[in-house]
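> Each residue of the first sequence is one higher than the one before, starting from 3 at the first, in this note's numbering. Using N, Cα and C, we set each Cβ at its ideal position, and we do this for glycine too. Starting off with a structure, shown below.
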Amino acid sequence: MNRNIRVRFAPSPTGALHIGGGHTALFNWLWARHNGGKFILRIEDTDLARSTKEYEQTIMSGMTWLGLDWDEGPDKGGDYGPYRQSERLDIYREYAEKLLSEGKAYRDGEAIIFRVEHGQDISFDDTVYGRIDVMSDGLKEKDSDKLKDIVIIKSDGMPTYNYAVVIDDHLMNITDVIRGEDHISNTPKQILIYRALGWDVPKFAHLPMILGRDKKKLSKRHGATSIYEYRDMGYMPDSVFNFLALLGWSAGDDKEIFTRNEAAELFELSRVTRRPAVFDFDKLNYINQEHLKRLDPMTRLNMIKPFWLEAGLPVDEVEKSRGENWLAEALTLMEGRGRTAKEMADFSDYFVSFEPVKKRWDASDVDKEKLREFFTMIFAQPVFKAPELEIAARDWVSAREGAKMKEYAMPLRFALTGMKVSPGIFEVAEHLGREECEKRLKFYGLL
RNA sequence: GGUCCCAUCGUCCAGAGGCCAAGGACACAGCCCUUUCAAGGCUGCGACGCGGGUUCGAAUCCCGCUGGGACCGCCA
């Protein structure tokens with residue numbers, strides 16, 4: 003615990019929150035919460051052409067969806083604001099003038115350029131990667147021996163990333179700069195600026211990249227990259243959080259399914275991995291399934307409902323007639339069948355309506371005559387509950403030479419669900435109730 | 001091309017010189033349960049990139065090679 007820890011997530015509002023950004027935000031959040039420190043959201047909107055307020059909003063709601071709450075930010079305020087770079091222009095200007103007057107920077111047209119000197123040791127200790135050795139002579143221009151100076155103020159008056167990030171991290175008292183590994187090569191340039199301003203450098207902790215299946219940095223062409231696409235596919239925030247936390251980190255034990263708070267408690271920056279990690283859908287699916295299983299019935303129902311609605315099922319009607327609990331119990335019966343909320347919704351649609359069942363099965367492949375006898379017996383049972391029904395069915399089957407449970411259970415399953423897979427069919431029957439089952443079987447002429 | 005980083009099963013992680021003939025999870029295959037599997041149980045397949053050192057002993061330390069990645073914008 004170190005309550006003085008201050009970390010930040012600093013996205014540029016030029017698109018929705020994507021997986022990589024979410025990963026970075028998540029690790030910052032974990033470190034802040036683990037230490038009881040502060041997590042700050044700073045909007046880096048110095049790219050006038052691409053930044054929009056809409057994206058800023060989208061990023062914030064994406065973080066909220068993931069469960070990453072921040073302590074200071076453009077919407078919340080705080081003692082170190084403003085938290086939007088476009089509102090800090092005077093500050094950047096002030097320090098640029100200082101650098102200018104000390105001869106550490108020079109003007110080039112409207113821009114202000116920071117001078118890079120030869121022979122500077124700009125190595126640093128990274129909390130994750132360890133010692134990283136760099137000399138300023140390495141900062142050459144492409145295909146040339148010329149040292150590359152750093153633009154700090156653009157011709158349009160806006161600060162550049164490498165400059166603004168230094169000013170802000172210092173002024174906002176950031177103790178740990180946690181960001182993607184793609185920033186390692188920017189760090190030495192930033193260190194040069196810290197030094198020129200006479201400031202101490204914060205700790206740096208770079209995170210391994212997230213790669214697509216082709217082992218290339220995750221990008222749009224790998225398919226779903228926006229956090230919201232995962233929500234729409236039926237992944238839960240808890241699962242995406244859990245999955246992302248496992249990319250580049252583990253508590254060291256075998257525990258892989260955990261809550262946000264458990265992760266925050268166990269998290270250690272020093273345990274972060276260095277190797278880039280491949281985004282694996284199979285693992286995400288598994289984690290989502292596990293979280294789906296652990297949900298309490300009502301929360302689970304609320305997760306599934308939108309997907310039933312999406313499929314055009316009369317959820318509200320059923321809720322009115324049979325109650326919310328009844329629907330929640332139907333999902334409890336599913337016992338972990340389905341990896342995403344969408345799958346679970348698809349696999350359980352027959353509880354909500356008979357219509358999809360009709361579309362899937364037409365009873366043309368069964369011997370109705372033979373089945374009618376069986377179903378008549380079933381519906382003659384005084385108690386329409388799973389154990390009783392099953393016993394009756396078994397007794398009936400065993401009394402017949404060569405008869406198999408399967409020959410009767412499967413048609414029942416098809417008539418009730420339209421699927422070849424479902425929870426125990428007598429449980430399904432009990433839950434649907436005598437009346438509804440009767441209706442479905444009669445529709446197929448099986449009763 | 002330059003700079004930097006990385007290197008354990010197909011994938012995600014464990015491993016911080018002897019406890020490792022390398023462990024867990026996902027995926028995959030098979031078996032079992034059974035009215036079905038997309039649920040549950042069990043088993044199996046499967047990796048320390050290569051070559052040199054250091055050491056009594058190396059997946060763990062060092063060097064080289066190879067392979068992969070990131071960055072080299074008045075984008076962030």
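(1) I108: buried (16+ other C-beta within 10 angstroms of its C-beta) or exposed?
(2) Would you call the CB atoms of G338 and Q383 closer than 8 Å?
(3) DSSP has L149 in a bridge; who is on the other side?
(4) Where does K360 sit, in a helix, a strand or coil, going by DSSP?
(5) Which two residues bound the contiguous beta strand (DSSP E) that contains D284?
(6) Rounding to the nearest angstrom, what Cα-Cα distance links L448 and L220 in this structure?
(7) Taking the CB atoms as reference points, tell me whether D73 and K100 lie closer together than 8 Å.
(8) Counting Cβ pairs closer than 8 Å, one from the stretch 43-63 and one from the stretch 152-168, do we hit at least three?
(9) Quick one, are the C-beta atoms of N30 and I180 less than 8 Å apart?
(10) Please list, in chain order, all residues of the same chain as L209 whose beta carbon is under 8 Å from its beta carbon, the five residues on each side excluded.
(11) What are the partner residues of H20, as DSSP defines its beta bridges?
(12) Can you give me the C-alpha to C-alpha distance between F309 and L315, rounded to a whole angstrom?
(13) Of the choices E440, T419, E437, whose alpha-carbon is the least far from that of V430?
(14) Measuring straight from C-alpha to C-alpha, what distance separates D458 and I7?
(15) Should K9 be labelled buried (16 or more other beta-carbon atoms within 10 Å of its own) or exposed?
(16) Three or more C-beta pairs under 8 Å: does that hold for the stretch 283-297 against the stretch 340-349?
(17) With 16 as the cutoff for other CB atoms within 10 Å, does N37 come out buried or exposed?
(18) Give the list of continuous alpha helix (DSSP H) stretches no shorter than 4 residues that lie fully inside the stretch 21-100.
(19) Determine which residues share a DSSP beta bridge with V280 and list them.
(20) Does the distance from the CB of L311 to the CB of E321 come in under 8 Å?
(21) Only counting the same chain, and skipping five residues up and downstream in sequence, which positions put a Cβ closer than 7 Å to that of K156?
(22) Tell me the DSSP bridge mates of F116?
(23) Helix, strand or coil for K191, going by three-state DSSP, please let me know.
(24) Examine the Cβ distances between the stretch 377-396 and the stretch 432-439 and report whether three or more of them are shorter than 8 Å.
(25) Could you name the residues that DSSP lists as bridge partners for G182?
(26) From Y94 to M65, what distance separates their C-alpha atoms?
(27) Does the pairing of the stretch 253-265 with the stretch 194-210 give three or more beta-carbon distances under 8 Å?
(28) Starting from the C-beta of P278, find all residues in its chain whose C-beta is less than 6 Å away, skip the five residues before and the five after it, and write them out in chain order.
(29) Alpha carbons only, please: which of E440, S323, F269 is nearest the one belonging to F381?
(30) Find the nearest neighbour of L91 within the set Y165, N4, M238, judged by alpha-carbon distance.
(31) Report the rounded CA-to-CA distance for G200 versus N175, giving the unit in angstroms.
(32) Going by the DSSP bridge assignment, what does G435 pair with across the sheet?
(33) Whose C-alpha, out of Y85, I115, W398, S138, is nearest the C-alpha of G121?
(34) Under a three-way DSSP split, which group does K219 fall into?
(35) Rank T378, M300, L173 by C-alpha distance to the C-alpha of E96 and give the top, closest one.
(36) Once the 5 residues before and after G236 are set aside, which same chain residues still bring their CB inside 7 Å of it?
With the structure as the only source:
(1) The sequence given here has Tyr at residue 108, not Ile. Classification of Y108: exposed, given that the 10 Å Cβ count is below 16.
(2) no
(3) K142
(4) helix
(5) Element bounds for D284: not the beta strand (DSSP E) but the alpha helix (DSSP H), 283-296.
(6) In a straight line, the C-alpha of L448 is about 54 Å away from that of L220.
(7) no
(8) Taking 8 Å as the limit for Cβ pairs, the verdict is that the stretch 152-168 does touch the stretch 43-63.
(9) Taking C-beta atoms as the reference points, N30 and I180 count as a pair closer than 8 Å.
(10) In chain order, H25, T26, F29, V130, I180, R181, G182, E183, G250, V274 place their CB closer than 8 Å to the CB of L209, counting only its own chain and leaving out the 5 sequence neighbours on each side.
(11) S228
(12) 9 Å
(13) T419
(14) Residue 458 cannot be examined here, being either before or after the span of the chain that is shown, 3 to 449.
(15) According to the sequence as given, residue 9 is Val; it is not Lys. Classification of V9: buried, given that the 10 Å Cβ count is 16 or more.
(16) With three or more CB-CB distances shorter than 8 Å, the stretch 283-297 counts as touching the stretch 340-349.
(17) It counts as buried.
(18) Runs of the alpha helix (DSSP H) inside the stretch 21-100: 21-37, 55-68.
(19) L213
(20) Cβ distance not < 8 Å, so L311 and E321 don't count as in contact.
(21) A113, T162
(22) A107, I152
(23) Helix.
(24) yes
(25) L209
(26) About 28 Å.
(27) No: fewer than three Cβ pairs fall under 8 Å.
(28) Excluding positions up to five away in sequence, the list reads P210, M211, L213.
(29) Checked all of E440, S323, F269; the closest Cα to F381 is E440.
(30) Among Y165, N4, M238, the Cα nearest to that of L91 is on Y165.
(31) 15 Å
(32) DSSP, once it has assigned bridges, lists no residue as partnering G435.
(33) S138
(34) Of the three classes helix, strand and coil, the one that applies to K219 here is strand, per DSSP.
(35) The candidate whose alpha carbon is nearest that of E96 is L173.
(36) Taken in chain order, the residues that qualify are F309, T342, A343, K344, E345.
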